[in-house]
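Quick note: the sequence shown uses our numbering, first residue 288, plus one each step. Quick reminder that beta carbons are idealized off the backbone N, C-alpha and C, glycines included. Here is the structure we will look at, set down as C-alpha cells.
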Amino acid sequence: MRQDDHLQRRIEQKLDTRRQQQLLRSVSAFHHQDGKLFDTDNQPYLNFSGNDYLGLAHDASLITAWQEGLDTFGAGSTASPLVTGFSSAHQTLERALCDWLGFERALLFNSGFSANQAVIFSLLEKHDTLLQDKLNHASLMEAGMLCDAKMQRFPHNNVHKLESMLHATAQTSARFVVTEGVFSMDGDLSPLADIRSVCDQHDAWLMVDDAHGIGVLGEQGQGSAHAANIQPDILIVTFGKAFGMMGAAVMCSEHVHDYLTQFARHYVYSTAMPPAQAHALSHTLSMIRTQSWRREKLSALSAVFHEELQGCDEVIETITPIKPVVLGSVEKMQVIASKLKANGFLTGAIRPPTVPVNTARLRITLSVNQSETQVKDLAVLLRRCIEEGK
Ligand SMILES: Cc1ncc(COP(=O)(O)O)c(C=O)c1O
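Written out as C-alpha cells, the structure is:
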C-alpha cells in the first residue's frame with residue numbers, strides 16, 4: 288500500500304468499523320433443489336427469508352416459458368429500448384400489465400432500483416418538493432437525496448403529518464409523494480386511500496412502490512393500490528418478488544410514458560431486458576392473475592403462523608407474507624437466527640442500517656412453497672428461542 292493511499296485507508300477503516308459493530312455484511316452461495324435451499328456444504332434449509340411469495344421462481348411451466356422465449360427471441364435484447372432492444376415480447380408484456388392494472392402505459396426496467404431512480408431523477412426539478420415515508424426503500428431515499436428537488440420525510444404512515452407538510456409547502460412548485468404499498472421490512476400496509484385523498488386536496492402527485500404488494504394483494508394480485516381502491520399517478524411494479532423473476536415496470540399515463548422515454552436516463556441509456564425474460568414474465572403474469580389459490584394458500588400459512596405465536600410481543604401481526612420479529616439488539620437477533628438455522632430454518636437477519644438502530648429483527652417470509660406443518664414447526668421453535676432468550 289502506498290503511504291498516501293487515502294482510499295485504501297478509508298476502505299480499511301470503514302470495514303473495521305462495520306466489523307466492530309457486528310454489522311459486516313457478506314454474501315453466501317446457495318443452490319435450490321426440490322423446494323429446499325442448500326449451502327456450499329450441501330446443508331439443506333427451508334427458506335423463510337426470500338421474496339418468492341407465490342412460489343413461482345422454480346415453477347416448471349415458467350421455466351418452460353423462459354426456454355420457449357430463448358428459442359424464439361434469442362439470449363439478449365442487443366440494445367437499449369430506443370435502438371433495437373424493444374421487441375414484440377416487451378410490447379406484449381407492457382400491454383398485459385396495462386390491462387391488468389388499469390394504466391394507459393407501462394415502461395419496462397431491469398430492476399425496481401433503477402425504475403425508482405429513473406422516475407425521481409427525471410421528473411423532479413429544483414423547486415419541487417419530494418415527500419417520502421421515512422421507511423421507504425433505499426432506492427427511493429437515495430434518489431431523493433441526490434435529486435434536484437427538496438426532500439422531506441414524513442413519519443411512517445402518518446397522514447396527518449403528511450398533510451401538514453403538504454400545507455406548508457403549498458408555495459413550492461410540484462409536490463410528489465412517494466410511499467411503498469407494503470413496507471418491505473415491516474410487512475404493514477400504507478394507508479393509501481387517505482394518502483390519495485390528501486394528495487388530491489393539495490394537488491400533489493402520488494407514486495406507490497408496490498414491490499411487496501403486487502401479486503399478493505387484490506383479487507387477481509393487482510396489489511395494494513387496487514386493494515385500497517385507489518389509482519396512484521405512478522405505480523412501480525417489480526418482478527423480483529412475487530413474480531419470481533427480476534425487472535420492473537413503471538405504470539403511468541401516456542404523457543408520463545412519453546416524458547420518461549425522452550428523459551429517464553436509466554431507460555434510454557441501458558440495455559433492454561432480454562425478450563425471453565419479457566416473454567416469461569407475460570407467462571408469470573397470467574399465472575398470477577388466474578391462480579388465486581396461491582394467495583389463498585398464503586393466507587392459510589399466515590393464519591397458522593400467527594396462531595402459533597399468539598401472545599408473543601416480538602412478532603408483529605401482518606396480513607402480508609412478511610412477518611417481522613423485532614428483537615432489538617443485533618446480538619439477540621443473531622443468537623435466535625443461528626438457532627433457527629441450526630435447525631434447518633433460514634430466516635432474514637436484518638440489522639441497522641437497513642432498519643433503525645435497536646430494531647434488529649428477523650424478517651420471516653412466507654411462500655406458497657412452504658407447507659402448514661413447516662410453518663408450524665418454525666413458529667414453535669421460534670417461540671421457544673424467544674422465551675429462552677428472556
Ligand atoms: C420496496 C422496494 N422497492 C424497490 C426494490 C428494488 O427492486 P429490485 O430488487 O427489482 O431492484 C426493493 C427490493 O428489495 C424493494 O423492497
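Stretch-stretch touch, CB-based, cutoff 8 Å, three pairs: the stretch 575-592 with the stretch 655-670: Flag = yes, the stretch 575-592 and the stretch 655-670 touch.
Cβ-Cβ separation, Ala480 to Ala515 (assumed contact under 8 Å), whole Å: By one-based count along the sequence shown, residue 515 stands at place 228. By one-based count along the sequence shown, residue 480 stands at place 193. With a Cβ gap of about 5 Å, Ala515 and Ala480 count as contacting.
Closer than 7 Å: Phe408 CB and nearest ligand 1 heavy atom: Start at 1 with the first residue of the sequence shown, and residue 408 comes out as number 121. For ligand 1, not one heavy atom lies less than 7 Å from the Cβ of Phe408.
Check: Gly527 C-beta below 7 Å from any heavy atom of ligand 1: Counted from its first residue, the sequence shown places residue 527 at position 240. Distances between the C-beta of Gly527 and the heavy atoms of ligand 1 include at least one below 7 Å.
Span separating the alpha-carbon of Leu324 from that of Leu568: The residue given as residue 324 occupies position 37 in the sequence shown. The residue given as residue 568 occupies position 281 in the sequence shown. Taking the straight line joining both Cα atoms gives about 24 Å.
Integer-rounded CB distance, given that Tyr340 should sit under 8 Å from Leu493: Within the sequence shown, residue 493 is the residue found at index 206, counting from 1. Within the sequence shown, residue 340 is the residue found at index 53, counting from 1. Not really, about 24 Å apart at Cβ, beyond 8 Å.
Assigned secondary structure, Asn334 (DSSP; H/G/I helix, E/B strand, else coil): Taking the sequence shown and counting its residues from 1, one reaches residue 334 at position 47. Note: Asn334 maps to strand in three-state DSSP.
Ligand 1 heavy atom lying under 7 Å from the CB of Met533: In the sequence shown, counting from the first residue as 1, residue 533 sits at position 246. Yes, since a heavy atom of ligand 1 falls inside the 7 Å radius drawn around the Cβ of Met533.
Straight-line Cα distance separating Leu411 from Gly534: As a first step, residue 534 is located in the sequence shown; it is residue number 247 there, counting from the start. As a first step, residue 411 is located in the sequence shown; it is residue number 124 there, counting from the start. Going from the Cα of Gly534 to the Cα of Leu411 covers about 23 Å.
Whole-number beta carbon distance between Gly510 and Thr605, since they are thought to touch under 8 Å: Position 318 of the sequence shown, counted from the start, is the residue given in the question as residue 605. Position 223 of the sequence shown, counted from the start, is the residue given in the question as residue 510. Contact doesn't hold; Cβ gap of about 16 Å is too wide.
Bridge partner(s) assigned by DSSP for Asp420: Residue mapping note: residue 420 aligns to position 133 of the sequence shown, counting from 1. Partner(s): Phe441.
Burial state of Thr682, where buried means 16 or more other Cβ atoms lie within 10 Å: In the structure displayed, the chain extends from 288 to 677; residue 682 sits before or after that span and is not available.
Ala563 beta carbon less than 8 Å from that of Phe396: Along the sequence shown, read from residue 1 onward, the residue named residue 396 stands at position 109. Along the sequence shown, read from residue 1 onward, the residue named residue 563 stands at position 276. Contact flag unset, no.
Cβ contact (3+ pairs, closer than 8 Å) linking the stretch 378-389 and the stretch 397-410: The stretch 397-410 and the stretch 378-389 do not touch, with fewer than three beta-carbon pairs separated by less than 8 Å.
Beta bridge counterpart(s) of Lys677 as assigned by DSSP: Position 390 of the sequence shown, counting from 1, holds the residue named residue 677. Partner(s): none; Lys677 has no beta bridge.
Bridge-paired residues (DSSP) for Glu467: Locating residue 467 in the sequence shown gives position 180, counting from the first residue. Answer is Asp496.
Residues near Thr310 in its chain [Cβ-Cβ closer than 6 Å; skip 5 each side]: By one-based count along the sequence shown, residue 310 stands at place 23. The identity of residue 310 in the sequence shown is Leu, whereas the question assumes Thr. So the qualifying residues of the chain are Arg638.
Supposed contact pair Thr466 and Ser477 - C-beta distance, whole angstroms, cut 8 Å: Sequence index remark: in the sequence shown, residue 477 carries index 190 (1-based). Sequence index remark: in the sequence shown, residue 466 carries index 179 (1-based). About 5 Å separates the two Cβ atoms, so the contact holds.
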